[in-house]
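Taking my numbering, the leading residue of the sequence shown gets 449, the next gets one more, and so forth.
Read through the structure below, which is laid out as C-alpha cells, and then see the notes.
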Amino acid sequence: MIGTGGMGSRHVNNIQQRISGAHVVGLFDVDAARLAALTATTCPDAAVFASPADLINDDRIDAVLIASPNDKHAEQTWQCVQAGKPVLCEKPLATTAAEAWRVIEAETALNRRLVTVGFMRRFDPPHTAVNDAVQAGRIGAAQLYKGTHRNESMPPGFPREYVVSQSAVHDIDAARWLLGQEVSRVYARGIRVDPTANADTLDLVLLTLDFGNGSLASIEVYLSARYGYEVTAEIVGAGGVATTRTSEPMLLRANNNRGVTMPGDWLGWFTDAYIIEVQAWVDGLRRGQPVGASAWDGYMAQLVSDACLTSLDSGQPEPVICPPKPAIY
Ligand code: ISE
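Now the structure itself:
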C-alpha cells in the first residue's frame, strides 16, 4: 500500500478485514504517524518502507495498491510496471494525458496488462446493474449518458483543474464504459458558486461529450452541493432507460420531515464498490487476469479531461484526438 490517507487507509482496512486472498505486507507514507497507527492496529505485521521504490521492488510484495497524491500516481505506476508488479492505481492514473501515456508505453513494451485504474463505479452494484441492462439489449441502442456527481463541499484551495482532472474523470470513464464508445468532442462550461472557492475555480461544471457513434453525454459535477454526496447515472436508449438506484438503509419520518440521511463523501456512498473492486482485482490477479479499468481507460480519462479544461478556458467545443489503441487493451 502506497499512501495511507483517507482512501489508502480505507483500502488497508478493507483488505485486512473484508477481502479474501490478500493481506497488507508493506506500507509507505510520508506521514509516520499514520503509518504508526496502522501498524499498531490493522496491520501489525506489515513492513514499513523508506520509499515507494523500496516497497515496489521488495520480493515480499506481490502486488501494489497506490493511493498517494495524484501527482505521484503515474511515476509510481510506471515503477510497478518496470518491476513487473501488478498495480491498482487510484484514479486519476495521471494529472495529464501525456503523463499517462508513459505508463501505456511501459505496458505495451512488456506486452501484457499489469495496471488497473481505480474507477470503482465499474464495480458499484447500481452502475453494474445499468451496464448489465445495456449489455443485454434491454433498452436498445444506448444514445445518451446523463450523470450527476455532487460533492458536499471541497477542501480549501481546491485547484481549478481538479473539478475535471480529479472529479469529473469518474463520470467521463463511466460514460465511455456504459456507452462503449470513445469521446470525439467536448464542450465544458462552469460556474463559481462557492464564494470560498479560489477565484479561478468553477465548482459547478456541465460537460457535454460527443462520442464516435453519435451518442452523447451530459455530466454535471458540483463540488459544493452542501446537502451531501450523491452520484447518479442514466443511460437513455432507443427502447428504454436504465438509471442507477441506491437503497437507503432507512427512511426517517420525524419532526414533520420524511427523508433519508445522505453520506458526506464517496467513502460513504461507494462503501461496497471499493470492497467489490479490490476483491475482483485480487481474484483476477490470482487467475492471472487483470480486471477493471486499464491504463488505456486511465489515459483516455485524462485526454478527455485535458480537452474539457481547454474548453473551459476557450469557451468553445474542443476536439478529442484519440490515438490508435494498443492491441494489449
Ligand atoms: C475524489 O478524489 C474522488 O475520487 C471521489 O470519488 C469524487 O466524488 C470526488 O469528487 C473526488 O475529488
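Using N, Cα and C, we set each Cβ at its ideal position, and we do this for glycine too.
Leu592 and Lys533 have their C-alpha atoms roughly 38 Å apart. For the pair Pro711 and Val669, the Cα-to-Cα distance works out to about 17 Å.
Look at Asn462: its beta carbon is at least 7 Å from all of the heavy atoms in ligand 1. In this structure, Gly474 and Ala494 form a Cβ contact; the two beta carbons are roughly 6 Å apart against a cut-off of 8 Å. Leaving aside the five residues that flank Arg598 on each side, the residues in its chain whose CB is nearer than 6 Å to its CB run, in chain order, Tyr670, Ala673, Glu678.
At least one heavy atom of ligand 1 lies less than 7 Å from the C-beta of Lys539. In the three-state reduction of the DSSP assignment, Val612 falls in the helix class, which pools H, G and I. Beta-bridge annotation (DSSP): Ala484 is not paired with any residue. Beta bridge pairing from DSSP links Gly595 with Ile667, Ala681. The Cβ-Cβ distance between Val631 and Val752 falls below 8 Å.
Taking the CA atoms as reference points, Arg550 sits about 36 Å from Thr691.
Proximity of the beta carbon of Ser499 to ligand 1 is not indicated: no heavy atom of the ligand is located closer than 7 Å. At least one heavy atom of ligand 1 sits closer than 7 Å to the Cβ of His618.
Counting C-beta pairs with one atom in each stretch, the stretch 514–529 and the stretch 702–710 have fewer than three that are closer than 8 Å, which means they do not touch.
Between the C-alpha atoms of Ile620 and Val496 there is a straight-line separation of about 36 Å. Taking Val472 as the centre and dropping the five residues before and after it, the same chain places the C-beta of Met449, Val460, Ile463, Gln464, Cys491, Ala494 closer than 7 Å to its C-beta, in chain order. In this structure Gly585 does not touch Ala681 by the C-beta definition: roughly 18 Å separates them, more than the 8 Å allowed. Every unbroken stretch of the alpha helix (DSSP H) spanning 4 or more residues and falling wholly within the stretch 730–766 is given here in chain order: 743–762. For Asn599, the shortest C-beta to heavy atom distance toward ligand 1 is below 7 Å. If only uninterrupted alpha helix (DSSP H) runs of at least 4 residues are considered, those enclosed by the stretch 476–526 are 480–488, 500–505.
In the three-state DSSP reduction, Ser672 falls in the coil class, being neither helix nor strand. Ala484 has its alpha-carbon roughly 38 Å from the corresponding atom of Ala557. Inclusion of Trp714 in the 7 Å shell around ligand 1 follows from its C-beta lying nearer than that to a non-hydrogen atom of the ligand. A straight-line Cα-Cα distance of about 13 Å links His521 and Ala546. Closer than 7 Å to some heavy atom of ligand 1: that does not describe the Cβ of Ser468. Residue burial annotation: Lys773 is exposed, with fewer than 16 other C-beta atoms found within 10 angstroms of its C-beta.
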